[in-house]
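K.L.:
Have a look at this one.
There are 2 protein chains.
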Amino acid sequence: MATTKHALFPEEQVSLAAFAGALAHPARIAIISLLQERKEVCCGDIVKELPLAQATVSQHLKALDKAGLLHLRECGPKVCYSLNCEAIRSFCHSFQCTLGTDQADHSAELEPAADCANRRS
Amino acid sequence: MATTKHALFPEEQVSLAAFAGALAHPARIAIISLLQERKEVCCGDIVKELPLAQATVSQHLKALDKAGLLHLRECGPKVCYSLNCEAIRSFCHSFQCTLGTDQADHSAELEPAADCANRRS
DNA sequence: TTGACTTATCGTATATCTACGATAAGCGAT
DNA sequence: ATCGCTTATCGTAGATATACGATAAGTCAA
């Protein structure tokens, strides 16, 4: 009864959610950090760094690749991964636009609604 | 055998993944967009806008709240939600730092790695 | 070809997510 | 107290995600 319903939402929202979903796991954040500091890394090197089995790392890499965040290059028996910086930048941009933090003008509108009384988290 | 393993990763990566996870659904992106254009919205208004049942919307709101992205205010029988802009801004900042797009100077470094040969998606 | 190495995929078990109806719980008015 | 309204929670079903071992598939060297 819980079929996904993603199709009922605007395409841009689905796209942004997919981007967020690709980053919604510590291992994938770690992979991206690793790819950022060492320009290009092969799967085995990532396996050495993370507390996960090779199959799991490969699965996470596939998820990142599916989201379009990676470039991959086969060199010999290895596969070298690097960040698709352009795609990431593009996603970040629409991300910030949607989140409304593109320009941080917390100068005028610090009060969200002046007619608000009690407020709790 | 697939217990979560999040605890084996650095706290910041877990935190960022949680933030991304909160945004990893089109409905939650839509809710944030809605909260951005109308400063403050109650649950029922969101239900009217989205193709989801009230229980589902409430669940999504809970997820966003749990991630710390919302302020909520009870007024009468209603509950009014607004964005926790400060938290969102803070998350976005560390987000961009991690993704390496904190300053989008795609002026000099358009070439990710000049020593790469063939490259395919 | 065989062997050593690297990575992707398969199969599988468990956990979490998604979605809903039903119901509970709260407020305000009558 | 009762009714109408609003929202949260419960219970549940199905779909996805997570993690691993085992295995397949590929490259390079001998």
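Listed in order, the protein sequences are those of chains A and B. Going by the numbering used here, the letters in the first sequence line up with residues 98 to 218, in that order. Going by the numbering used here, the letters in the second sequence line up with residues 98 to 218, in that order. Heads up, the beta-carbon is just placed ideally off N, CA and C, and yes, glycines get one too.
Exposed or buried, A:Pro174, counting other C-beta atoms within 10 Å across all chains shown (16 or more means buried)?
P.N.:
Classification of A:Pro174: exposed, given that the 10 Å Cβ count is below 16.
K.L.:
For B:His157, does the three-state DSSP call read helix, strand or coil?
P.N.:
Helix at B:His157.
K.L.:
Roughly how many angstroms lie between the CA atoms of A:Ile128 and B:Ala114, to the nearest whole one?
P.N.:
Roughly 12 Å between the two C-alpha positions.
K.L.:
For chain B, is any of its Cβ atoms less than 8 Å away from the one on A:Leu161?
P.N.:
Not one chain B Cβ lies under 8 Å of A:Leu161.
K.L.:
Would you mind reading off the limits of the alpha helix (DSSP H) that contains B:His190?
P.N.:
Start and end: Cys182 to Leu196.
K.L.:
For A:Leu167, which residues does DSSP report across the bridge?
P.N.:
BP columns for A:Leu167 point to A:Leu180.
K.L.:
By DSSP's criteria, B:Val138 is part of a beta bridge. Which residues make up the other side?
P.N.:
According to DSSP, B:Val138 bridges with B:Tyr178.
K.L.:
Taking 8 Å as the cut-off, decide whether the C-beta atoms of B:Ile143 and B:Leu161 are in contact.
P.N.:
In this structure, B:Leu161 does not lie closer than 8 Å to B:Ile143 by Cβ.
K.L.:
Please classify A:Gln156: is it buried, with 16 or more other beta-carbons within 10 angstroms of its beta-carbon, or exposed?
P.N.:
It counts as exposed.
K.L.:
Can you tell me which of A:Cys139, A:Glu109, A:Lys102 and A:Thr101 puts its alpha carbon nearest to the alpha carbon of A:His168?
P.N.:
Residue A:Cys139 is the option with its Cα nearest to A:His168.
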